[in-house]
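Residue numbers (the numbering used here): 84 to 422.
Glycine included, every Cβ here is placed at the ideal spot set by N, Cα and C.
Read the structure below first, then the notes.
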Ligand SMILES: [Zn+2]
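So, in structure tokens, the structure goes:
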């Protein structure tokens with residue numbers, strides 16, 4: 084979101100909480116002051132507490148706290164915090180919320196060290212976001228090592244409720260999804276972006292770990308679990324068996340369509356700005372074709388924007404298909420990115 088005009092959430096707006104039924108509620112974190120872009124989910128647990136799935140950023144913690152207060156949820160009610168991956172819009176608030184609640188933080192084993200010491204992650208993101216870092220994402224407090232709970236795929240018990248952890252690479256290698264017994268699947272960015280008012284899936288393919296084959300495999304494995312609902316962090320809930328299966332089948336097709344554009348750009352020997360222009364033209368055409376709410380265009384484009392997507396796909400196609408020359412426009416190498 085480099086061109087956003089973010090502001091720190093010193094005075095959070097009235098808490099915006101949506102009850103999705105089945106013990107699931109969505110808090111609108113209002114990242115950068117924008118509504119319905121980044122969700123924090125609350126999942127009611129068998130022991131009467133809640134799990135928080137995603138934390139949004141450090142800057143949005145006051146908004147999330149205000150929503151929890153309004154719901155009468157105190158620190159001791161939070162039994163666990165789960166982050167699908169450590170990108171800053173999902174996990175930068177984890178340290179602050181862990182300190183407040185004393186809850187363990189569930190994370191992919193490859194993401195845990197970045198929560199224990201966010202320095203490298205923060206520095207890597209700062210190259211992309213510059214001065215917007217602090218107002219959007221800061222502060223990112225470390226999670227104490229003894230609060231981290233790195234989880235492998237398989238069953239996971241939280242507050243007396245049973246879940247299944249699925250490792251979900253494609254958007255990031257250290258991405259996981261959390262599936263409840265009742266069929267709620269918290270999929271982070273593994274199933275793309277779907278904002279209210281924008282009725283089409285936007286690929287979520289940032290550098291440096293975008294992997295199209297892994298993303299397709301993740302969607303197939305998630306589909307095999309036959310979830311009843313998909314809760315996307317950006318931002319919609321896909322509800323119903325058929326809608327869920329259709330969505331998970333559509334994500335790899337959407338990724339492939341965008342990759343085709345970047346592949347053509349690389350084959351034509353174009354530089355990164357030219358690839359960005361191709362993706363922006365594609366996105367404009369898509370948004371117009373689906374009749375997207377004009378007020379939501381900017382939010383859609385900022386959700387892992389064209390420059391980030393171009394960088395992610397150029398890098399992926401170089402790495403996995405040997406397309407293009409040396410990776411001069413990589414950016415973010417060595418740390419797991421930001422979007
Ligand atoms: Zn994200």
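How many whole angstroms separate the CB atoms of residue i and residue j, which I take to be in contact at a CB cut-off of 8 Å?
i	j	result
residue 315	residue 274	6 Å
residue 425	residue 288	The chain is shown from 84 up to 422; residue 425 falls before or after that span and cannot be answered.
residue 121	residue 318	7 Å
residue 255	residue 168	5 Å
residue 187	residue 150	No, residue 187 and residue 150 are not in contact; Cβ-Cβ is about 21 Å, not under 8 Å.
residue 100	residue 135	The pair is not a contact, with the Cβ atoms about 13 Å apart (cut-off 8 Å).
residue 104	residue 224	Contact flag wrong, Cβ pair sits at about 33 Å.
residue 176	residue 143	6 Å
residue 232	residue 189	5 Å
residue 302	residue 327	Not confirmed; about 11 Å, so no contact.
residue 362	residue 389	4 Å
residue 268	residue 312	7 Å
residue 259	residue 249	7 Å
residue 375	residue 367	Not quite, the Cβ-Cβ distance comes to about 10 Å (not below 8 Å), so this is no contact.
residue 139	residue 112	3 Å
residue 309	residue 322	With a Cβ gap of about 14 Å, residue 309 and residue 322 do not count as contacting.
Could you have a look at residue i and say whether DSSP puts it in helix, strand or coil?
i	result
residue 416	For residue 416, the pLDDT reaches just 39, beneath the cut-off of 50, and the residue's location in the model is therefore unreliable, although a value from the coordinates is still provided. DSSP places residue 416 in coil when its eight states are reduced to three.
residue 404	helix
residue 103	strand
residue 86	Low local confidence applies: a pLDDT of 39 at residue 86 is under 50, so the model's placement there is unreliable, with the coordinate-based value given in what follows. The answer is coil: DSSP assigns residue 86 none of H, G, I, E or B.
residue 333	helix
residue 238	strand
residue 140	coil
residue 499	Outside the displayed range of the chain (84 to 422) lies residue 499, so it cannot be described from this structure.
residue 128	coil
residue 123	strand
residue 395	helix
residue 98	coil
residue 92	With a pLDDT of 47 at residue 92, under the threshold of 50, the modelled position of that residue is not reliable, and the figure given next carries that caveat. Note: residue 92 maps to coil in three-state DSSP.
Could you give the residue range of the alpha helix (DSSP H) that holds residue i?
i	result
residue 178	177–184
residue 132	Per DSSP, residue 132 belongs to no alpha helix (DSSP H) and is neither H nor E.
residue 161	First-last for residue 161: 161–165, but that is the beta strand (DSSP E), not the alpha helix (DSSP H).
residue 148	144–153
residue 359	355–372
residue 379	377–385
residue 114	Run containing residue 114: none; DSSP gives neither H nor E here.
residue 218	216–220
How about residue i: is its Cβ closer than 8 Å to a heavy atom in ligand 3?
i	result
residue 316	Only ligand 1 can be found as ligands here, which leaves ligand 3 out of the picture.
So the beta strand (DSSP E) residue i belongs to, where does it begin and stop?
i	result
residue 211	It is not in any beta strand (DSSP E) - residue 211 instead sits in the alpha helix (DSSP H) that spans 202–212.
residue 173	Here residue 173 belongs to no beta strand (DSSP E); instead the alpha helix (DSSP H) covers 171–174.
residue 189	188–190
residue 233	231–233
Practice problem: Could you tell me whether the segment 334–352 touches the segment 374–389, using the rule of 3 or more Cβ pairs below 8 Å? | Solution: no
Quiz item: Which whole runs of the alpha helix (DSSP H) in the segment 248–328 are 4 residues long or more, in chain order?
Solution: 295–307, all fully within the segment 248–328.
Quiz prompt | Any 3 or more C-beta pairs closer than 8 Å across the segment 257–274 and the segment 219–227 | solution = No: fewer than three Cβ pairs fall under 8 Å.
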